[in-house]
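Q: Residue numbers (the numbering used here): 1095 to 1524.
Ideal placement from N, C-alpha and C gives every residue a C-beta, glycine not left out.
Remember, it's a predicted structure, so these values are computed and weren't measured experimentally.
Next up is a structure, given as structure tokens.
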């Protein structure tokens, strides 16, 4: 049985070729482990130019902003693959499976993709019908999962650097136990359940990447690398003798001097943090469970131990006013992080804001977001920001929100030399 896996382009990102998407590469590796021979078509950086693909099963991964492209690819390929079975997976399939079925996909994988091989097996034996939404249980022991099949794509097309060194990314854990209102999947078990790859697995994958690709710099793509302090300290101790350079994402309320020192001494060069806002009122509104003071202390600790600090800010969160925005501006001015990422809130299916908008001071049209062209409305976009916002608060219009974001970027421009390639995880991270 011929199997094709398609990765849509992400033209809305600052740099789609910063990092490859790991999800479909995990799927490819799991299929090969099960005895299949899938072919991966990576359309990243191609403006979604659809090649002629012929296969019995065609799987397409998709985040919510990729969804319009995923649908376009599916419809284009179905024209000369009328008998093929089209399967969609990824964050959008997990958080909005009905929209995938309504768009014409035969099977929706609303869960982790490593079980794709089981779906293929059921299709082969005709035990699975189309027009089906599958909700597989998440993998309990992550060490059972093979490394992502990076050999299936042209990894040299991607370019991300830590201290001038070519960098590859990997994950040491899955899941986030927190409930930020803007983050999708908060009621999905696989997103809330924190599971770790073993320390040995992480070290083996790092060594595999060093031996295979000759890299010595890494980006740990976990939602929050420091979610378990004891484990983080153990990994740092293992990293010390390896001579690697790395960066990661942290939570400020879990970041202390002991961690900062250990991370720095083991090669960490930069940390990123979802600060979101400098207003305690807004933090409470979005259930962030951090404070501006904790965020400020995290910046100070990073700098004290020789690491750079990048902060992620969202403008237009529930309850945003000119006054709360001024608090954010004042925080940035006082904290002096090394780099910034200013986004406009984009509600996502599966997030508390999307599911229960009546609980928040926020207004938006769900259908307009689903139907939107994310090249025009994407939460970040290129320098200068996206041309429009799809949200408003009781105090701020769509235009007000865009103006405030522009003011922030003009006063505190991001540093091109340390930009993170637009690879924030708005649907299941933060």
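(1) So, is residue 1459 buried or exposed, given that buried needs 16 or more other C-beta atoms within 10 angstroms?
(2) Mapping DSSP to helix, strand and coil, what is residue 1343?
(3) Going by DSSP, what residue range makes up the alpha helix (DSSP H) through residue 1216?
(4) Quick one, are the C-beta atoms of residue 1403 and residue 1431 less than 8 Å apart?
(5) Given this structure, state the Cα-to-Cα distance separating residue 1326 from residue 1217, to the nearest angstrom.
(6) Could you tell me which of 1427, 1355, 1140, 1291 sits nearest to residue 1103, measuring between CA atoms?
(7) Go to residue 1263, then tell me how far its beta strand (DSSP E) extends in each direction, as first and last residue.
(8) Tell me the DSSP secondary structure of residue 1186 in three-state form.
(9) Apply the 10 Å Cβ neighbour rule to residue 1398 and answer buried if 16 or more other Cβ atoms are within range, or exposed otherwise.
(10) Considering only the alpha carbon of each residue, which of 1422, 1405, 1352 lies closest to residue 1376?
(11) Return the residue from the list 1331, 1329, 1332, 1316 that minimises the CA-CA distance to residue 1344.
(12) Does the Cβ of residue 1382 have 16 or more other Cβ atoms within 10 Å, making it buried, or fewer, making it exposed?
(13) Reducing DSSP to helix, strand and coil, say where residue 1267 ends up.
(14) Using the beta-carbon count (16 or more within 10 Å), is residue 1461 buried or exposed?
(15) For residue 1255, collect the residues of the same chain with a Cβ closer than 8 Å to its Cβ; drop the 5 residues on either side in sequence, then sort them by chain order.
(16) Can you tell me which of the three DSSP states residue 1280 falls into?
(17) Check whether the segment 1332–1346 touches the segment 1291–1304, taking contact to mean three or more Cβ pairs, one atom from each stretch, closer than 8 Å.
(18) Have a look at residue 1356 and residue 1348 and give me their C-alpha separation to the nearest angstrom.
(19) Which of helix, strand or coil does DSSP assign to residue 1367?
(20) Measure the alpha-carbon distance for residue 1359 versus residue 1350 and round it to whole angstroms.
A: Short version:
(1) Counting from one through the chain shown, the residue named residue 1459 turns up at place 365. Exposed, because fewer than 16 other Cβ atoms sit within 10 Å of the Cβ of residue 1459.
(2) If you number the chain shown from 1, residue 1343 lands on position 249. Strand, per DSSP.
(3) Residue 1216 sits at position 122 when you count from the first residue of the chain shown. Its alpha helix (DSSP H) spans residues 1210–1218.
(4) Working through the chain shown from its first residue, we reach residue 1403 at position 309. Working through the chain shown from its first residue, we reach residue 1431 at position 337. Their beta carbons are under 8 Å apart, which means residue 1403 touches residue 1431 by this criterion.
(5) For the purposes of this step, residue 1326 is identified with residue 232 of the chain shown, where counting begins at 1. For the purposes of this step, residue 1217 is identified with residue 123 of the chain shown, where counting begins at 1. Near 42 Å, if we compare the C-alpha coordinates of residue 1217 and residue 1326.
(6) If you number the chain shown from 1, residue 1103 lands on position 9. It is 1140.
(7) Sequence index remark: in the chain shown, residue 1263 carries index 169 (1-based). From DSSP, the beta strand (DSSP E) with residue 1263 extends over 1259–1264.
(8) Position 92 of the chain shown, counted from the first residue, corresponds to residue 1186. DSSP places residue 1186 in helix when its eight states are reduced to three.
(9) Residue numbering aside, residue 1398 sits at position 304 when the chain shown is read from its first letter. Exposed: under 16 other Cβ atoms inside 10 Å.
(10) Working through the chain shown from its first residue, we reach residue 1376 at position 282. If we check each option's Cα against that of residue 1376, 1422 comes out closest.
(11) In the chain shown, counting from the first residue as 1, residue 1344 sits at position 250. Closest by alpha carbon: 1316.
(12) Along the chain shown, read from residue 1 onward, the residue named residue 1382 stands at position 288. Burial call: buried.
(13) For the purposes of this step, residue 1267 is taken as the residue at position 173 of the chain shown. Residue state, collapsed to three classes: strand.
(14) The sequence position of residue 1461 within the chain shown is 367, counting from 1. Classification of residue 1461: exposed, given that the 10 Å Cβ count is below 16.
(15) On the chain shown, residue 1255 is found 161 positions in, with the first residue counted as 1. Taken in chain order, the residues that qualify are 1261, 1311.
(16) Here residue 1280 refers to the residue found at position 186 when the chain shown is read from its first residue. In the three-state DSSP reduction, residue 1280 falls in the coil class, being neither helix nor strand.
(17) yes
(18) On the chain shown, position 262 is the one that residue 1356 refers to. On the chain shown, position 254 is the one that residue 1348 refers to. Distance between the alpha carbons of residue 1356 and residue 1348 is about 14 Å.
(19) The count along the chain shown starts at 1 and reaches residue 1367 at position 273. Strand at residue 1367.
(20) Locating residue 1359 in the chain shown gives position 265, where the first residue counts as 1. Locating residue 1350 in the chain shown gives position 256, where the first residue counts as 1. Roughly 14 Å between the two C-alpha positions.
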